[in-house]
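Taking it in order: structure first as structure tokens, then the write-up.
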């Protein structure tokens, strides 16, 4: 077994690998950029080597620096995590030349599966179902239009070396191809150094299901069941679960056997994942097709660990050291249900705009990767408790950087049933406190509660179909709204009583009223506070809360349910209360002065309709218009790159470009005015 392993990665996956190494008694080496000098994974490792400035191209993507760090520290092997160099065959070959073991598959398997065009050909030869599409890379927009029309719309344009949702565009017609083909090529070149693009048929009502593979060097290959990853936004996974509510035992066997056949065809060993696109419209379960093979550990690997009891990182290490898998296919069972949600730094209330900045507060519901325990045992929750696990790599006071993935943490739950795992997600998300950058915790909770999610009727279009007008918070019924109003009134009352205890007041302590009016969600609620509860709009609510002035996270009860709430004071009488996937904003005032609210002048927001405002921090890649040009609704005005993704900003109405304030290549701040119309 290895004595020392270098982790060629950062963030939560570096912490995850270090944790298993600690449990196995293996020393670890971290490599870090300037931006990660204070990161948790650097502190967790036994040694750390600085490798460059923040941009990945100048640090984590430099194979020479990784190899030099191995030589400097005496590391015998490298675990690549996911992303960065994890699927670069040239990196594996360079390590082999230096006698350093790569904890992953052989270079030839990575090369074969890393090219989406070639991998599709290999899959077909191995007897794996494949999606109709172009056989080779497409060079021009004209060729792309011809292929798309031959296949039949809708089609998906994909960068051959793409992954993680980057370099992918859906086209429903010729116009979409004309607008998106060149952008897809650019994203492939900028993110992966490869601008080749291919096109394939888009499967309608698609479900994204993947098979986890584990293989040793002795030729033993197993499939560790499936994961459902259908809930995605812009092809980026948001929720994953194992097993899938759609897959039958017969379907699982057919998928698994095809995935094993493909793995053996390329001489695969280590952990890997065969991704499949499945037609949800075909209830026979026979319409599943090869999408790609990820020759690395997946972000969502914890849900497989939870239902199988197999530590995938441990077995990647053991296989790399030459050990044979002790388990057989019949030993791989399914114990319960596991769900993972990805907590991202993005604002769902502003169309999921990327958000960066300092984590002013960071309190996960259970500790993340900070202790000495690791994912041992049947389900691997020693770092959490009660079926809840948090994989993270951030810390309070740290920054979410523009240079890397915006993930803050992964929340994993396990329960005997799917509903039980989803219920645990809701409870844990309520107790997840993140302040500073925007985050998607409310959105994740809303998905977990959504009737369609609970029914298991999922497709990759779930988010677009269920939130066509954007996200405004999870639905709250009348009982919940009345309870929230009572809690806001109670908080304002407690605050007034607390402030009345200040000594030396000339007028003495003010009388704390029991009758209040709460203005919230465009409505007014009449609240009368009493012992053990409150009357709201004539309805009695029995309940309590342990919230105190100066705190944020608290427990509350009412209407027969127990809630974790986050209650913050936004102004002298204004509050925001977050629970069950919605942030409610309200104003609480004594009933005797409530009539005065009708006489308050509301501040008029500025007219921004004549301006194109940058919705996120990013780089202005292209201006599509010039001053004096007339534009129509929907016409592209500018393309902004943020987090390695290109975003086309379009005209919302007819007008003439009167002034352009930015040039191509400029770095833009959020809400910066790019151009003005008249």
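Residue numbers (my numbering): 1 to 678.
In this text, a Cβ means the ideal position worked out from N, Cα and C, and glycines have one as well.
Every value quoted in this text rests on a predicted model; they were computed, and no experiment measured them.
Residues bridged to residue i (per DSSP)
i           : result
residue 289 : 277
residue 347 : 353
residue 168 : 158
residue 414 : 338
residue 447 : DSSP output for residue 447 lists no bridge partner at all.
residue 529 : 534
residue 358 : 399
residue 540 : 535
residue 73  : Paired residue(s): none; residue 73 is not in a bridge.
residue 33  : 52
residue 113 : BP columns for residue 113 are empty, so no partner.
residue 102 : 78
residue 619 : 641 and 667
residue 208 : 277
residue 198 : 158
residue 636 : 650
residue 20  : DSSP lists no partner for residue 20.
residue 294 : 273
C-beta contact flag for residue i and residue j at 8 Å
i           : j           : result
residue 80  : residue 104 : yes
residue 250 : residue 275 : no
residue 581 : residue 445 : yes
residue 516 : residue 590 : yes
residue 364 : residue 432 : yes
residue 447 : residue 209 : no
residue 566 : residue 587 : no
residue 266 : residue 112 : yes
residue 681 : residue 625 : Residue numbering for the chain in the displayed model covers 1 to 678; residue 681 lies beyond these limits and cannot be assessed.
residue 564 : residue 347 : no
residue 520 : residue 584 : yes
residue 308 : residue 411 : no
residue 340 : residue 388 : no
residue 329 : residue 273 : no
residue 475 : residue 536 : no
residue 693 : residue 393 : Nothing about residue 693 can be read from this structure; the chain reaches only from 1 to 678.
residue 20  : residue 313 : yes
Host beta strand (DSSP E) of residue i (start-end)
i           : result
residue 576 : 574-579
residue 584 : 582-590
residue 675 : 673-677
residue 229 : 221-233
residue 564 : 561-569
residue 520 : 515-520
residue 236 : 236-242
residue 388 : 388-392
residue 488 : Premise fails: residue 488 lies in the alpha helix (DSSP H), 478-499, not in any beta strand (DSSP E).
residue 557 : 553-558
Residue closest to residue i, alpha-carbon to alpha-carbon, out of the options
i           : options               : result
residue 325 : 26, 608, 112 and 269  : 269
residue 207 : 516, 157 and 241      : 241
residue 187 : 174, 201 and 157      : 157
residue 283 : 255, 202, 297 and 246 : 246
residue 660 : 672, 652 and 654      : 672
residue 179 : 647, 537 and 616      : 647
residue 481 : 456, 467, 522 and 626 : 522
residue 141 : 100, 198 and 634      : 198
residue 201 : 41, 171 and 233       : 171
residue 98  : 68, 295, 334 and 490  : 68
residue 30  : 22, 10 and 24         : 10
residue 677 : 149, 501, 315 and 609 : 609
residue 619 : 578, 549, 670 and 571 : 670
CB-CB length for residue i against residue j, believed under 8 Å
i           : j           : result
residue 222 : residue 271 : With a Cβ gap of about 10 Å, residue 222 and residue 271 do not count as contacting.
residue 160 : residue 144 : With 8 Å as the limit, residue 160 and residue 144 do not qualify as a contact, their Cβ atoms being about 13 Å apart.
residue 441 : residue 343 : 6 Å
residue 110 : residue 89  : 4 Å
residue 255 : residue 226 : 6 Å
residue 85  : residue 8   : 6 Å
residue 16  : residue 391 : 6 Å
residue 217 : residue 319 : 6 Å
residue 169 : residue 352 : The pair is not a contact, with the Cβ atoms about 17 Å apart (cut-off 8 Å).
residue 91  : residue 63  : 5 Å
residue 613 : residue 638 : With 8 Å as the limit, residue 613 and residue 638 do not qualify as a contact, their Cβ atoms being about 11 Å apart.
First and last residue of the uninterrupted alpha helix (DSSP H) at residue i
i           : result
residue 434 : No alpha helix (DSSP H) holds residue 434; the beta strand (DSSP E) holding it covers 433-435.
residue 249 : 249-265
residue 654 : Segment: none, residue 654 is in no alpha helix (DSSP H) and carries neither H nor E.
residue 43  : 40-44
residue 611 : Taken as a continuous stretch (DSSP letters only), residue 611 belongs to no alpha helix (DSSP H), being part of the beta strand (DSSP E) at 611-613.
Interface flag, residue i vs chain D, CB-CB below 8 Å
i           : result
residue 609 : Absent here is chain D; the protein component of the structure consists of one chain.
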